[in-house]
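Protein sequences appear in the order of chains A and B.
First residue of the first sequence: 124, per the working numbering; consecutive thereafter.
First residue of the second sequence: 214, per the working numbering; consecutive thereafter.
Heads up, the beta-carbon is just placed ideally off N, CA and C, and yes, glycines get one too.
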Amino acid sequence: MSWFYLKSVYDNRSLIWLLAVTDLRLRYRNSVLGFFWSILEPLLMLTVLYVVFSFILRSNIQNYPLFLLTGLIVWNAFSRGTVMSSNCILARGGIVLNAFFPRIVLPISAVITSFLMMFFEMLVYIAFVIIFHFQSPPVAILVPFSLIPLFLLTLGISLPLSTLNVIYRDISYIWNVIVQAGFFLTPIIYTIDIFPKNIQSIIMLNPMAHVINWVHDFTLFNKIPTFGSIIFTFGVSIIVFVIGYTVFRRLEDTMVDKL
Amino acid sequence: MSDVVIELKNIYKTFKLNYKEKTTVYETLVTTVKKKSPSQTFNALSNISFSVKKGEMLGIIGHNGSGKSTLLKVICHILPPSQGSIKTKGKIIPFLQLGSGFNGDLTAIENIKMYGMILGIQKNKIAKKIPEILEYAELESFKDTKVKHFSSGMFARLAFATAIQSEPDILVIDETLSVGDLAFQQKSFNTFLDIKKQNTTIIYVTHNLDDVLRLCDRAILLYKGFVGDVGDPKLIVDKYKTVVEKSPDYIEESLAKEIGVYYQKILKRPPDVIGMLDHFYRIKKGEISLNDIPSILKNSEEYVSIHG
């Protein structure tokens, strides 16, 4: 990693923030429901999943609505961040071709937008907790800890996606399908123990499964993740981020020719 | 040579031709399996070398498609060169397609902030300058209007007014001085003269030859991606006029390229425009064929003086 480049990213921090906040505002400016859509969207999704899984498939997880909601919020931050990033450079081709600034600010700001939306969705969670008189376990304050690997993973995947999608325009469609599959392969609507042990260990190779389990453990089950899980998740997230950053830097220049 | 602020050495820029380019994973897989012939390439810039001193104003002239805009983008570090090296000193501000960074859904003020920061102006500074920018662009009464409702002239005025706040060391302009109506053009031109007086290095691409004669210290004639000639604006503009008069539309890229290759091989330099046009004409008239070019070059005074 070149420090000079990282410094230029740091120097552009206010641009990153402005891009992220502006994108967020624009999302709601032209819609009837405005800001409330960000709260309504996960609620509607939650309702559908809740009806399907608790009445039709009869899941017997405790506090199932909260279980679903926390998983959805965290997964959404990841899926929305990566999907938005995959298009962020292509969509701003005009400015990329006519001004010079570190292009990395675009995917970073897209991921930040996604995380800002996640914080709004967390308000829904808090409302649920209050409405249902749910006693949050004390370890719930550790939730921010799980956001670190979540951010590294989201950004680490977003960086190469944003450049690859300029070179191969169907990358974002392919990624959309992968994300949809990922939703069902991650313990969001179910707990991992519905599977036999050998399949569990395969599913737990997915670092997102760990992050979501942590959030469930923190907010519902009053548990702390195992040391092994922490090491694995942080290790994989850092590796994904470093690889993603390296790929981005490699493709950053050649990508511009294809815009 | 401490006062050299831009130095290009043997810059090449090669593009893969678009129609054969693979833009999806599917196409890439299919063509890899079928082993299709590799895509054709196009040299937008060939062996460009020159340097610019601090405070100098360099005009770049040439036909449409001669590589002017590509060259500007390489100088601004927007496009990486395929070969060669480029060194620049100081903050470069490109005035290329002004306003291309504007977002139609944002208001004038929001766009000033966004565009200004993309151009590298400090956040606090841009916030302070907003009234001044709006006044300059004559758009105070539209400050909260979304720019998608702007006319193209208003759009350009806003972009120009924002961009001039960036205090560049090197200003790179692509035909963007003719912005807005006559009054605004005059105003923007005066601003530009002020910037020039502040010892700012300026690279100016234009089709307005009078501007080149009036303002530039030196000029470059680009021809089919080669440096046709560099030097005194008067000399270069005259050459360009000759090129324009002589150059018919039917000069083919491929021919220009092949002649260029002979020049590189034999005379170790890119072709000069006049010499090249001469070859074109004689080939077109049927006096000589492409295969005669090497012997013509080898009999030239220049070759004899190098090789004796």
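Residue contact check for residue 367(B) against chain A: no CB pair falls below 7 Å.
Annotated three-state conformation of residue 164(A) is helix, per DSSP.
Counting only Cβ-Cβ distances below 8 Å, residue 279(A) has no contacts in chain B at all, with the closest Cβ about 20 Å away. Residue 508(B) counts as exposed, since fewer than 16 other beta carbons sit within 10 angstroms of its beta carbon.
In summary, the residues of the stretch 211–224 of chain A whose CB is separated from some CB of chain B by less than 7 Å are 217, 218, 220, 221, 222, 223, 224, in the order they occur in the chain. Exposed is the label assigned to residue 256(A), since fewer than 16 other Cβ atoms lie within 10 Å of its Cβ. Proximity of residue 284(A) to chain B, defined by a Cβ-Cβ separation below 7 Å, is not satisfied. Look at residue 291(B): its C-beta is under 7 Å from a C-beta on chain A. For residue 134(A), the enclosing alpha helix (DSSP H) begins and ends at 126–134.
In this structure, residue 473(B) places its C-beta atom within 7 Å of the C-beta atom of residue 439(B). When the Cα atoms are used, residue 207(A) and residue 187(A) turn out to be separated by approximately 29 Å. Of all alpha-carbon atoms in 349(B), 385(B), 223(B), the one lying nearest the alpha-carbon of residue 369(B) is that of 349(B). Exclusion of the five residues before and after residue 319(B) leaves 327, 359, 360 as the residues of its chain whose Cβ lies within less than 8 Å of its Cβ. For a Cβ distance threshold of 7 Å, residue set 291, 293, 294, 297 of chain A lies close to residue 238(B), ordered along the chain. Apart from sequence neighbours up to five positions away, the residues of its chain that approach residue 289(B) with a beta-carbon distance below 6 Å are 305, 307, 385, ordered along the chain. Look at the beta carbons and you see the stretch 371–386 of chain B touching the stretch 327–339 of chain B: at least three pairs across the two are nearer than 8 Å. Counting only residues of its own chain and dropping the five nearest sequence neighbours on each side, residue 295(B) has a CB closer than 7 Å to the CB of 225, 226, 227. Taking a Cβ-Cβ threshold of 8 Å, the residues of chain A close to residue 307(B) are 221, 222, 223, in chain order.
The stretch 330–349 of chain A and the stretch 269–287 of chain A touch, with three or more beta-carbon pairs separated by less than 8 Å. The beta carbon of residue 260(B) is closer than 6 Å to those of 223, 483 in its chain, skipping five residues each way along the sequence.
Under a 10 Å Cβ-count criterion, residue 243(B) is classified as exposed, with fewer than 16 other Cβ atoms of the shown protein chains found around its own Cβ. In the structure shown, the three-state DSSP call for residue 275(B) is strand. Bounds of any beta strand (DSSP E) do not take in residue 238(A); it lies within the alpha helix (DSSP H) bounded by 228–254. Against chain A, the beta carbon of residue 310(B) has neighbours under 9 Å at 217, 220, 221, listed in chain order.
Here the alpha carbons of residue 343(B) and residue 299(B) stand approximately 35 Å from one another. Fully contained in the stretch 249–296 of chain A are the following alpha helix (DSSP H) runs of length 4 or more, in chain order: 266–290. Taking 7 Å as the cut-off, the beta carbon of residue 388(B) is found no closer than this to the beta carbon of residue 413(B).
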